[in-house]
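Undergrad: Okay, handing you the structure first.
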Amino acid sequence: MSIWYRFITVLRTHWRRALLPAGFVANVVGTKLTDASHWTAGWVLFVLGLGGALYGLRFWERGSPGNGSVTKRVRNWADTTRSDPLWIRARGDLRTVVWGIVMAVIAMRAVSLFDRVAWEVDRVLAGQTPLSVLLWIWILLPWGARWIEPRDSPLDRLEGRIWRATVSRLVANAIGIYYAGWAVYAVVSSTRPTLVVPVAVTLGGAMLVSWHKTWARLRKLSTQVCGNLQTLERDLKAIHDSKEKAPEKQDAARRSWDVVQLDLRTSVDTGYGFGTLLLPQETCNDLHEKVEKAIEALKDHKDAAEEVLTDLGKIREACAGRIDSVA
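Taking our numbering, the leading residue of the sequence shown gets 397, the next gets one more, and so forth.
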């Protein structure tokens with residue numbers, strides 16, 4: 397079979413599919429002609445393009461004989477790819493990269509506004525310099541960081557989650573104080589310049605205090621988590637070793653887990669309700685079920701808690717680098 401004959405065969409079979417992109421192009425051109433006051437030609441192209449696109453779409457849905465519809469094959473491919481562990485990991489890594497890019501853009505934006513506010517105070521007062529964007533960054537940055545957080549392997553990514561939540565809060569607080577400082581500077585620099593230095597010192601001190609409190613909270617929580625995890629691990633191991641007192645040891649393990657669970661549901665970056673939890677809610681619920689099953693099974697099976705101990709070890713390892721017993 398010649399190449400030309402093969403081309404003609406494919407063209408005769410699939411030419412109707414070309415109506416979809418061709419109709420879309422005609423639709424766009426018709427819209428532009430309508431905007432340019434060529435009403436008649438524009439509407440004709442718009443209607444013909446829309447009809448051609450809808451007609452061609454039927455053949456994309458119908459597909460080739462024996463192969464199923466194109467959209468169905470694409471959907472099956474997307475479902476298969478979405479459940480691939482490598483693809484899931486790649487999506488999580490991409491989210492982390494996006495977070496880093498956002499932090500870099502915010503830093504560059506803050507630096508660029510530094511010069512603009514310092515030399516163009518009149519434009520700031522007139523609203524021509526969008527200084528208020530810093531206010532929105534202060535409000536939305538921690539929420540955006542939580543939204544962009546990777547969803548896969550939460551225990552393996554726990555240390556990164558803690559760092560991202562803390563850094564996002566530190567940057568948000570700094571941006572909020574930065575906004576307040578430049579807003580005050582724009583107002584008092586021309587009317588009461590003697591207030592610039594006291595205000596700058598006050599806001600600088602406020603920034604250092606907010607950073608210190610955030611880091612202190614993180615160190616204190618990490619230390620508390622590690623200590624409570626050690627108690628829970630000892631209580632779990634004691635269940636099988638004391639079979640005659642197994643119910644008592646099980647109750648002790650449950651009490652220890654209740655304490656650990658409170659730590660895992662505590663916000664890392666702030667004491668208010670809009671902070672980032674140490675462990676995602678779904679992961680914490682799954683771990684709770686594992687712990688309960690392990691507590692019941694440890695009476696008869698010594699190795700029933702191996703999986704739970706592995707998960708608890710990952711949490712302890714993520715927090716161990718910030719242990720501070722005097723925080």
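Using N, Cα and C, we set each Cβ at its ideal position, and we do this for glycine too.
(1) Is the CB of residue 501 under 8 Å away from at least one CB in chain D?
(2) Using 10 angstroms around the beta-carbon of residue 645, count the other beta-carbons present and answer buried if the total reaches 16, otherwise exposed.
(3) Assign residue 663 to one of three DSSP states: helix, strand, or coil.
(4) Residue 538 lies in the alpha helix (DSSP H); which residues open and close that run?
(5) By the DSSP assignment, the alpha helix (DSSP H) with residue 728 in it spans what residues?
(6) State yes or no: is the C-beta of residue 544 within less than 8 Å of the C-beta of residue 491?
(7) So what's residue 673 in DSSP terms, helix, strand or just coil?
(8) To which residues of the same chain is residue 451 closer than 7 Å at the C-beta, ignoring the five residues directly before and after it?
(9) Given this structure, state the Cα-to-Cα distance separating residue 596 from residue 508, to the nearest angstrom.
(10) From 692, 558 and 607, pick the residue whose C-alpha is nearest to that of residue 711; which is it?
(11) Could you give the first and the last residue of the continuous alpha helix (DSSP H) run that contains residue 712?
(12) By how many angstroms is the C-alpha of residue 539 removed from the C-alpha of residue 683?
(13) Taking all protein chains shown into account, decide if residue 535 is buried (16 or more other Cβ within 10 angstroms of its Cβ) or exposed.
(14) By the 10 Å Cβ neighbour count, where 16 or more other Cβ atoms means buried, how is residue 653 classified, buried or exposed?
(15) Buried or exposed: residue 618, going by 16 or more other Cβ atoms within 10 Å of its Cβ?
TA: Reading off the structure:
(1) Here there is only one protein chain, and chain D is not present.
(2) With 16 or more other Cβ atoms within 10 Å, it is buried.
(3) In the structure shown, residue 663 sits in a strand (DSSP, three-state: E or B).
(4) Where residue 538 is concerned, the enclosing alpha helix (DSSP H) stretches over 529-543.
(5) Residue numbering for the chain in the displayed model covers 397 to 723; residue 728 lies beyond these limits and cannot be assessed.
(6) For residue 544 and residue 491, yes; Cβs fall inside 8 Å.
(7) It is a strand residue.
(8) Around residue 451: 415.
(9) So the alpha carbons of these two residues sit roughly 19 Å apart.
(10) Of 692, 558 and 607, the residue nearest in Cα terms is 558.
(11) Counting along the chain, the alpha helix (DSSP H) containing residue 712 begins and ends at 702-716.
(12) Between residue 683 and residue 539, the C-alpha separation is close to 25 Å.
(13) Classification for residue 535: exposed.
(14) With a threshold of 16 other beta carbon atoms within 10 Å, residue 653 meets it and is buried.
(15) Burial state of residue 618 is buried, judged by a 10 Å Cβ sphere holding 16 or more other Cβ atoms.
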